Amino acid sequence: MNTITQRLEQVRDRIRTAERRFARPPGSVELLAVSKTKPPEAIREAAAAGQRAFGENYLQDATAKIDALADLAITWHFIGPLQSNKTRTVAERFDVVHTIDRLKIARRLSEQRPEHLPPLDCCLQVNVSGESSKSGLTPEAVPALAATISELPRLNLRGLMAIPAPAESFEAQREPFARLRELLESLREHGLELDTLSMGMSADLEAAVAEGSTLVRVGTAIFGHRQY
Ligand SMILES: *Cc1c(COP(=O)(O)O)cnc(C)c1O
Numbered sequence: 003m004n005t006i007t008q009r010l011e012q013v014r015d016r017i018r019t020a021e022r023r024f025a026r027p028p029g030s031v032e033l034l035a036v037s038k039t040k041p042p043e044a045i046r047e048a049a050a051a052g053q054r055a056f057g058e059n060y061l062q063d064a065t066a067k068i069d070a071l072a073d074l075a076i077t078w079h080f081i082g083p084l085q086s087n088k089t090r091t092v093a094e095r096f097d098v099v100h101t102i103d104r105l106k107i108a109r110r111l112s113e114q115r116p117e118h119l120p121p122l123d124c125c126l127q128v129n130v131s132g133e134s135s136k137s138g139l140t141p142e143a144v145p146a147l148a149a150t151i152s153e154l155p156r157l158n159l160r161g162l163m164a165i166p167a168p169a170e171s172f173e174a175q176r177e178p179f180a181r182l183r184e185l186l187e188s189l190r191e192h193g194l195e196l197d198t199l200s201m202g203m204s205a206d207l208e209a210a211v212a213e214g215s216t217l218v219r220v221g222t223a224i225f226g227h228r229q230y
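In this text, residue positions in the sequence shown follow the working numbering: the first is 3, and each later residue adds one.
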């Protein structure tokens with residue numbers, strides 16, 4: 003059995019190899035360690051091995067871990083579905099949120115972000131797989147929402163995020179990532195200053211890096227399979 007430290011090194015290797023293979027600058031792809039369902043000790047081990055950014059989906063579970071690990075210099079990303087009744091906790095406890103998919107949620111996060119914290123970094127979640135995935139905005143709805151959100155005072159819109167439907171072949175994996183990249187490029191051409199493409203997970207991070215991912219969200223390959 004490999005330890006979390008060893009698996010983390012393997013994932014870093016995969017990222018470095020993909021950066022080289024697809025002519026991405028070294029270090030241009032950030033690793034978000036997705037620690038949902040995993041205990042605080044697992045996060046402590048990853049942090050001791052140099053991992054700084056952690057992603058969580060379930061709010062109650064996440065806040066308990068944030069409290070238990072308050073002594074660590076790590077950052078917390080919320081990557082789960084967002085309902086209105088969760089926005090205050092996310093605004094108060096997290097550094098980044100990846101899953102904004104409507105204006106109401108964005109407005110609440112901006113209003114509820116505490117004054118002593120910097121504006122909340124965020125991404126819009128886009129449904130780039132059509133029917134097969136339910137969460138996220140349609141690509142057509144992204145430009146208008148991005149323009150509106152970029153005006154909210156306590157949010158800092160950084161880019162786009164997607165969770166494409168699983169695909170077997172490398173080429174099939176690349177396709178939705180390419181659509182997300184093109185969407186980001188068109189927003190930038192229209193004057194929005196965006197720098198983040200949150201895409202790629204354990205099974206498809208190489209395809210995401212090939213298409214310009216700046217942040218891969220990796221759980222299983224670091225922490226092992228999840229038990230719910
Ligand atoms: C669980 C999850 C991941 C990590 O998936 P793995 O396949 O375990 O790497 C990434 N992104 C989101 C949004 C998730 O919910």
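Using N, Cα and C, we set each Cβ at its ideal position, and we do this for glycine too. All values derive from a computational prediction rather than experimental measurement.
Give the list of continuous alpha helix (DSSP H) stretches no shorter than 4 residues that lie fully inside the segment 56-93.
Whole alpha helix (DSSP H) segments, 4+ residues: 61-70.
How long is the line joining the alpha carbons of Arg9 and Ser30, rounded to whole angstroms?
Here residue 9 refers to the residue found at position 7 when the sequence shown is read from its first residue. Here residue 30 refers to the residue found at position 28 when the sequence shown is read from its first residue. Approximately 20 angstroms between the Cα atoms of the pair.
Could you name the residues of the same chain whose beta carbon sits closer than 7 angstroms to that of Lys40, not counting the 5 residues immediately before and after it, in chain order?
As a first step, residue 40 is located in the sequence shown; it is residue number 38 there, counting from the start. Cβ-Cβ distances below 7 angstroms link Lys40 to Phe225 in the same chain, with the five nearest sequence neighbours on each side left out; the list follows chain order.
With distances taken from CA atoms, which of Leu189, Ile68, Thr101, Ser188 is nearest Pro83?
The count along the sequence shown starts at 1 and reaches residue 83 at position 81. For the set Leu189, Ile68, Thr101, Ser188, the Cα lying nearest the Cα of Pro83 is the one of Thr101.
Thr7 to Pro28, Cα distance in whole Å?
The sequence position of residue 7 within the sequence shown is 5, counting from 1. The sequence position of residue 28 within the sequence shown is 26, counting from 1. Going by the C-alpha atoms only, they are around 21 angstroms apart.
Beta strand (DSSP E) segment containing Ala35, residue limits
The residue you call residue 35 lines up with position 33 of the sequence shown. Element bounds for Ala35: 32-36.
Spell out a yes or no on whether the segment 203-219 and the segment 137-149 are touching, meaning 3 or more CB-CB pairs, one atom from each, closer than 8 angstroms.
The segment 203-219 is not in contact with the segment 137-149.
Using a Cβ-Cβ cutoff of less than 7 angstroms, which residues in the same chain neighbour Ile68 once the five nearest sequence positions on both sides are dropped?
In the sequence shown, the residue the question calls residue 68 occupies position 66. Cβ within range, chain order: Trp78, Arg95.
Beta-carbon separation of Val99 and Leu119 under 9 angstroms?
Counting from one through the sequence shown, the residue named residue 99 turns up at place 97. Counting from one through the sequence shown, the residue named residue 119 turns up at place 117. For Val99 and Leu119, no; Cβs fall outside 9 angstroms.
As a quick exercise: from Tyr60, Leu199, Gln114, Ser171, pick the residue whose alpha carbon is nearest that of Val157.
Position 155 of the sequence shown, counted from the first residue, corresponds to residue 157. One point to set straight first is that residue 157 is Leu, not Val, in the sequence displayed. Answer by Cα proximity: Gln114.
Short check: CB of Leu139 to CB of Leu126, under 9 angstroms?
Your numbering for residue 139 matches position 137 in the sequence shown. Your numbering for residue 126 matches position 124 in the sequence shown. Closer than 9 angstroms, so yes.
Gly221 Cβ short of 8 angstroms to ligand 1 heavy atom set
Within the sequence shown, residue 221 is the residue found at index 219, counting from 1. Within 8 angstroms of the C-beta of Gly221 there is at least one heavy atom belonging to ligand 1.
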